[in-house]
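Asks: First to last, the sequence lines map onto chains E and D. Here the first sequence is numbered in the working numbering, starting from 1 and rising by one per residue. Here the second sequence is numbered in the working numbering, starting from 1001 and rising by one per residue. The beta-carbon is built from N, C-alpha and C at its ideal position, and this holds for glycine as well.
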Amino acid sequence: MRYLPLNDADRRAMLKTIGAGKIDELFADVPDDALNASFDLPNHAGELEVERALGAMAAKNRAAGDGPFFIGGGAYKHHIPATVDHIIQRSEFLTAYTPYQPEIAQGTLQYLFEFQTQVSALSGMEVANASMYDGSTGCAEAALMARRITKRTKAVLSGGLHPHYGAVTRTNLELLEDEVVTAPVDVSASEDLAAMIDDDTACVIVQTPDVFGNIRDLAPIAEAAHAKGALLIAVVTEAVSLGGLKSPGEMGADIFVGEGQSLGNGLGFGGPYVGLFATRQKYLRQMPGRLCGETTDVDGKRGFVLTLSTREQHIRRDKATSNICTNSGLCVLAFTIHMTLLGQAGLRQLALLNHQAACKTADALAAINGVEVINKAYFNEFTLRLPKSASDVVEKLAVQGVLAGVPGGRLWPGDPGADNLLIVAASECTTDADIEAFAAKLRGAL
Amino acid sequence: MTANTQHHPTFTGNKALQIEEALSFEIGGLDRTGVDFPPAEDRADRLGGLGRDSDIGLPGLSEPETMRHFVRLSQKNYAIDMGPFPLGSCTMKHNPRLNEKIARLPGFADLHPLAPQSCVQGALELIDTLADWLKQLTGMPAVAMSPKAGAHGELCGMMAIKAAIEARGEGAKRTRVLAPESAHGTNPATAVQCGFTVEAIPADATGRVDLAALKEKLGDDVAAIMVTNPNTCGLFERDIRAIADAVHDAGGYFYCDGANFNAIAGKVKPGDLGVDAMHINLHKTFSTPHGGGGPGAGPTVLAASLAEFAPVPFVERRDGDYHLVETPGAKSFGRLTAFHGQMGMFTRALAYMMSHGIDGVRQVAEDAVLNANYVLARLKVEMTPAFDGYCMHEALFDDRFLKDTGVEIAKAMIDEGYHPMTMYFPLVVHGAMLIEPTESESKRELDLFCGALLSLAKRAKAGATEAFKAAPVYAPRRRLDETAAARKPVLRWTPA
């Protein structure tokens, strides 16, 4: 077995040193009838055989790069520079543990510090943590944090929040018997959230661009929330938009939650991704997750350590701000490398190209009879109202090689109002030929 | 050496291959970038007046500068590929590169989670195949695949337990959760996140759950116990079935923290021991890399009594096709994450399982336990094992052998070229040192490692206190001031 260095001679010699006759003596505490259970599973296989079997499974899937591709809805197709994947596969990053021994983990710690700086700058917030699992779990954690800060137990969720983010947040809050008010599905960004905020409200959670692609002005909502002593949690599922749009911090958000997948991380069928989490300095000690801080060593040299761990489960146990432990280390690294390559100049250009690709796509599709583009302001994602079920259209186009977007029925099953909605995303990867193919097939499908 | 470096500083601060590296922000410029894009078109935007005017303030680096920056940083890290990483409870085993290759196949890596199900049948097949392995290995009938890490899996299991208790109409009554003093910190944190209160179960003199004390604490207000098995002292809970029976008799559930499943995988099915729910750390037991702190994956197996409370989404096989069920049934406790779980970890874990096969998985457990006992046998000459008898996959020592020297061995191990073992955990042992060698270490490597530790133990006993206090001296950084870091937190770079 290629992963095991011991051979039988080693094993015999070691048992002798231990003073055991055979290996099962070391398992003596296991109830006899439970030891050496039988399993209906195959025996070991060579690299070639495993590659063949799993390669066959991979080949049954249609990858985003296989043809015209317009699916978004919280996960986005972007080009990842080759440098990113090379660096994250370096053994020193890939096979390191959480940096609990900082003297021999400065590599990890310094990129965490750089990541926190990047997330703070992008979000316009003062402090960022070293990552959450993904945007949706970060959203739930933000709601829990708002609950700790305000000591209130009601959350208001925008009707433009990704429904899966809403579901994750509800699942977490309802455990604590909190009240979760979810605004009706809001396709056109016309809801009046201010009216839903009252003196019991801990937080209002708003996504921008929202799940339909509408860009939302958070400033009036922040003002309304603050007037009632509630916090505004701003959710961004498309990290590239932070390069093109006013930051949540500028618009008055108290907690920023983002999905960082768009930078450095592939679609990967939904994970692993990287949750971005930032807030105001004054709420620092209520943050969940790891924080990396700057310090010096005994020789006076700058170095980095995990810090403020007294918020965390391994120190505080039942009083911790969260149970999170392992988070998204290597995905953080991928994000940080991609963002380092881009810099603000590159990110702005990337954002602009994404926006323009979406505008072009929207124009081409809006020209089709019976197709309506709902959004007034959007970034790289927008929503169409079709004259028929979007799920059927998506299936039909998939057969013809075009992955057209997220049908409303997928995100709001059982909501007839959503059936004809199609959420469409474009990016720097979208070509004119992709747009033409999409428009032609969509015309044919209606 | 310390004196030398102090007396002969280099101009750059570098020491041969040990190269100092600034923050990326101190190297790059705001107008620079390492990515080439086509020009944008000259057209009006549709951003609704909400375009970003303010500076982001993040400099960019060219590609060679970026490469050099991160390669230099990488060289300041210790890693399992460089040497033994004996962190108890963390399972730092070899990460096969076949796993990486499989995970990067475009059919997995470049696949959208919301692509039509007809386009992702192979991905659903992979999830279902991995689920089947996990159910078989644990002897449990159901598994929730979406938890993103071990602690998230704990949350999944405890949420299912809470939902089951509420379905029984006992939600208001059963509010207590019991967990041993030796439990991972995630256990009590998870229980509280689910709205329970937590009480500690004391350990007996052998490092295991004190069954009599547990029984005294059980009652009709207990929702569950959370027990790690093998436990965090590296010992198999001898009374595991009696523990399970006791909690079941009291109407509660048995949550097993599966962080140490690697010690028994392929040998013992937790389902045969009375477990109701258990997460499996794919990044520990099944070799997906730790990546400097994640990503992990924490699929959670569930007993039949909890299966109907599982979260969405999950994969079902019907008529030869795979279906992803995304709408929760009436009893499901809801949703844990936006998509379907850590697919990138699933591909890696399955590649590992298929490579080892069931015969290999069993051999892995045996070798892991053998290696730990070998270390225990070799080290007990100079060091003091916390408990008598054999251990499972990790060997626990206390600091009695150091008497009252105040010496901490960990930092001196760094100078010997090793990552230290887990220190001061579990909390039930004074000065705990928890060593988990895993099956990935050869006998030769273990002999060298034990030789180094024995030598350190002897030096510590001989009173070389100052040398230990000064360590490490050969690492890229010497001891870092963690107190200062916490007192006045600097959590981001700001331009000078």
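By the criterion of Cβ-Cβ separation under 9 Å, what are the contact partners of D:R1068 in chain E?
Replies: Taking the second sequence and counting its residues from 1, one reaches residue 1068 of chain D at position 68. The premise fails here: D:R1068 is roughly 11 Å from chain E at the closest Cβ pair, so nothing lies under 9 Å.
Asks: Report the residue from D:T1327, D:A1464, D:M1392, D:E1170 whose alpha carbon sits nearest the alpha carbon of E:G409.
Replies: For the purposes of this step, residue 409 of chain E is taken as the residue at position 409 of the first sequence. Selected option, being the one with the closest Cα: D:T1327.
Asks: Which residues, in order along the segment 1404–1417 of chain D, keep a beta-carbon less than 8 Å from a beta-carbon of chain E?
Replies: Listed by position, the residues of the segment 1404–1417 of chain D near chain E (Cβ gap below 8 Å) are A1410, K1411, I1414.
Asks: Is there a Cβ from chain D that is less than 8 Å from the Cβ of E:M14?
Replies: By 1-based counting over the first sequence, the position of residue 14 of chain E is 14. Closer than 8 Å to some Cβ of chain D, the Cβ of E:M14 qualifies, so yes.
Asks: Is any beta-carbon of chain D found at less than 8 Å from that of E:H78?
Replies: Stepping through the first sequence from its first residue, residue 78 of chain E is reached at position 78. No, no contact with chain D.
Asks: How would you label D:E1366, buried or exposed, when you count the other beta carbons within 10 angstroms and need 16 or more for buried?
Replies: Position 366 of the second sequence, counted from the first residue, corresponds to residue 1366 of chain D. By the neighbour-count rule (16 or more Cβ atoms within 10 Å), D:E1366 is buried.
Asks: Reducing DSSP to helix, strand and coil, say where E:N375 ends up.
Replies: Stepping through the first sequence from its first residue, residue 375 of chain E is reached at position 375. Here E:N375 sits in coil by DSSP.
Asks: For E:Q461 versus E:Y76, is the C-beta distance shorter than 8 Å?
Replies: The structure shown does not extend to residue 461 of chain E, since chain E is modelled only from 1 through 446, so no value can be given for it.
Asks: Jot down the residue ranges of each uninterrupted alpha helix (DSSP H) in the segment 1400–1459 of chain D, minimum 4 residues, whole runs only, in chain order.
Replies: 1410–1415, all fully within the segment 1400–1459 of chain D.
Asks: Considering D:H1279, what are the terminal residues of the alpha helix (DSSP H) in which it resides?
Replies: Within the second sequence, numbered from 1, the residue matching residue 1279 of chain D stands at position 279. From DSSP, D:H1279 is part of no alpha helix (DSSP H) but of the beta strand (DSSP E) over 1277–1279.
Asks: Can the beta-carbon of D:E1445 be found closer than 8 Å to that of D:P1009?
Replies: As a first step, residue 1445 of chain D must be located in the second sequence, where it is residue number 445. As a first step, residue 1009 of chain D must be located in the second sequence, where it is residue number 9. Not closer than 8 Å, so no.
Asks: Using alpha carbons as the reference points, say which of E:P413, E:A377, E:R152 lies closest to E:D178.
Replies: The residue given as residue 178 of chain E occupies position 178 in the first sequence. Closest option to E:D178, Cα to Cα, is E:R152.
Asks: Can you tell me which of E:F277, E:E92, E:G444 puts its alpha carbon nearest to the alpha carbon of E:L397?
Replies: Within the first sequence, residue 397 of chain E is the residue found at index 397, counting from 1. For the residues E:F277, E:E92, E:G444, the minimum Cα distance to E:L397 belongs to E:G444.
Asks: Should D:K1443 go down as buried or exposed, given a rule of 16 or more other Cβ atoms within 10 Å for buried?
Replies: As a first step, residue 1443 of chain D must be located in the second sequence, where it is residue number 443. With 16 or more other Cβ atoms within 10 Å, it is buried.
Asks: Given this structure, state the Cα-to-Cα distance separating E:M251 from D:P1489, to the nearest angstrom.
Replies: Here residue 251 of chain E corresponds to residue number 251 of the first sequence, with the count starting at 1. Here residue 1489 of chain D corresponds to residue number 489 of the second sequence, with the count starting at 1. If you take the alpha carbons of E:M251 and D:P1489, they lie about 25 Å apart.
Asks: Assess contact between the segment 1334–1345 of chain D and the segment 1184–1194 of chain D, defined as three or more Cβ pairs (one per stretch) separated by less than 8 Å. Is contact present?
Replies: Judged by Cβ distances under 8 Å, the segment 1334–1345 of chain D makes no contact with the segment 1184–1194 of chain D, as fewer than three pairs qualify.
Asks: For chain E, find out if any of its Cβ atoms is closer than 8 Å to the Cβ of D:K1162; answer yes or no.
Replies: As a working note, residue 1162 of chain D is residue 162 in the second sequence. For D:K1162, the answer is yes, since a Cβ of chain E falls inside 8 Å of its Cβ.
Asks: With distances taken from CA atoms, which of D:H1393, D:F1286, D:K1267 is nearest E:A37?
Replies: Looking up residue 37 of chain E in the first sequence gives position 37. Answer by Cα proximity: D:K1267.
Asks: Could you have a look at E:H314 and say whether DSSP puts it in helix, strand or coil?
Replies: Here residue 314 of chain E refers to the residue found at position 314 of the first sequence. Correct three-state label for E:H314: helix.
Asks: Take D:I1414 and list the residues in its own chain whose beta-carbon comes closer than 6 Å to its own, dropping the five residues that flank it on each side.
Replies: As a first step, residue 1414 of chain D is located in the second sequence; it is residue number 414 there, counting from the start. Here the set comprises P1472, A1475.
Asks: Quick check: the segment 1246–1259 of chain D against the segment 1224–1231 of chain D, are at least 3 beta-carbon pairs closer than 8 Å?
Replies: With the cut-off at 8 Å, the segment 1224–1231 of chain D and the segment 1246–1259 of chain D touch.
Asks: Taking the beta carbon of E:I315 as the centre, do at least 16 other beta carbons fall within 10 Å, making it buried, or is it exposed?
Replies: In the first sequence, counting from the first residue as 1, residue 315 of chain E sits at position 315. Looking at its Cβ environment, which holds fewer than 16 other Cβ atoms inside 10 Å, E:I315 is exposed.
Asks: For E:I88, which residues from the same chain have a beta carbon less than 6 Å from its beta carbon, with the 5 sequence-adjacent residues on both sides left out?
Replies: Counted from its first residue, the first sequence places residue 88 of chain E at position 88. For E:I88, where only same-chain residues beyond five positions count, the Cβ hits under 6 Å are L330, L333, A334.
Asks: Compare the C-beta of D:E1366 against all C-beta atoms of chain E and say whether one is closer than 8 Å.
Replies: Locating residue 1366 of chain D in the second sequence gives position 366, where the first residue counts as 1. Chain E contact via Cβ: present.
Asks: At 9 Å on the CB atoms, spell out the chain E contacts of D:P1096, in chain order.
Replies: Sequence index remark: in the second sequence, residue 1096 of chain D carries index 96 (1-based). In chain order: R2, Y3, E47.
Asks: From which residue to which residue does the alpha helix (DSSP H) around D:I945 run?
Replies: Lying before the first or after the last residue shown, residue 945 of chain D is absent from chain D, which here runs from 1001 to 1496.
Asks: My output table needs one value for D:A1003: the three-state DSSP class, helix, strand or coil.
Replies: To locate residue 1003 of chain D, count along the second sequence from 1; it is residue 3. Note that D:A1003 has pLDDT 46, beneath the 50 cutoff, so the model's placement of it is unreliable and the number below is only indicative. Helix at D:A1003.
Asks: Given a limit of 7 Å on CB to CB distance, which residues of the segment 207–228 of chain E reach chain D?
Replies: Residues passing the 7 Å Cβ filter: I215, D217.
Asks: Compare the C-beta of D:I1358 with all C-beta atoms of chain E and state if any pair is closer than 8 Å.
Replies: Within the second sequence, residue 1358 of chain D is the residue found at index 358, counting from 1. For D:I1358, the answer is yes, since a Cβ of chain E falls inside 8 Å of its Cβ.
Asks: Against chain E, with Cβ distances strictly below 8 Å, would D:A1003 count as a contact?
Replies: The residue you call residue 1003 of chain D lines up with position 3 of the second sequence. Per-residue confidence for D:A1003 stands at a pLDDT of 46, beneath the threshold of 50, marking its modelled position as unreliable; no derived number is given.
Asks: Name, please, each residue of chain D whose Cβ falls closer than 9 Å to the Cβ of E:C203.
Replies: Within the first sequence, numbered from 1, the residue matching residue 203 of chain E stands at position 203. Chain D residues near E:C203: none, gap ~17 Å exceeds 9 Å.
Asks: Once the 5 residues before and after E:T336 are set aside, which same chain residues still bring their CB inside 6 Å of it?
Replies: Walking along the first sequence from the start, residue 336 of chain E turns up at place 336. Contacts found: Y111, E114, F115.
Asks: For E:Q281, is the classification buried or exposed, using 16 other Cβ atoms within 10 angstroms of its Cβ as the cut-off for buried?
Replies: Along the first sequence, one-based indexing puts residue 281 of chain E at 281. Answer is exposed; the Cβ neighbour count stays below 16.
Asks: Looking only at its own chain, which residues have a Cβ that is under 6 Å from the Cβ of E:A433, when we skip the five neighbours before and after it?
Replies: The count along the first sequence starts at 1 and reaches residue 433 of chain E at position 433. Nothing listed; no residue qualifies.
Asks: Using the Cα positions of D:F1271 and E:H44, report the straight-line distance between them to the nearest angstrom.
Replies: Reading the second sequence from its first residue, position 271 is the one you call residue 1271 of chain D. Reading the first sequence from its first residue, position 44 is the one you call residue 44 of chain E. In the sequence under discussion, the amino acid at residue 1271 of chain D is Gly, which differs from the Phe named in the question. Distance between the alpha carbons of D:G1271 and E:H44 is about 24 Å.
Asks: Give the straight-line distance between the Cα atoms of D:G1251 and D:L1137, rounded to the nearest whole angstrom.
Replies: Numbered from 1 along the second sequence, position 251 holds the residue referred to as residue 1251 of chain D. Numbered from 1 along the second sequence, position 137 holds the residue referred to as residue 1137 of chain D. D:G1251 and D:L1137: Cα-Cα distance of roughly 26 Å.
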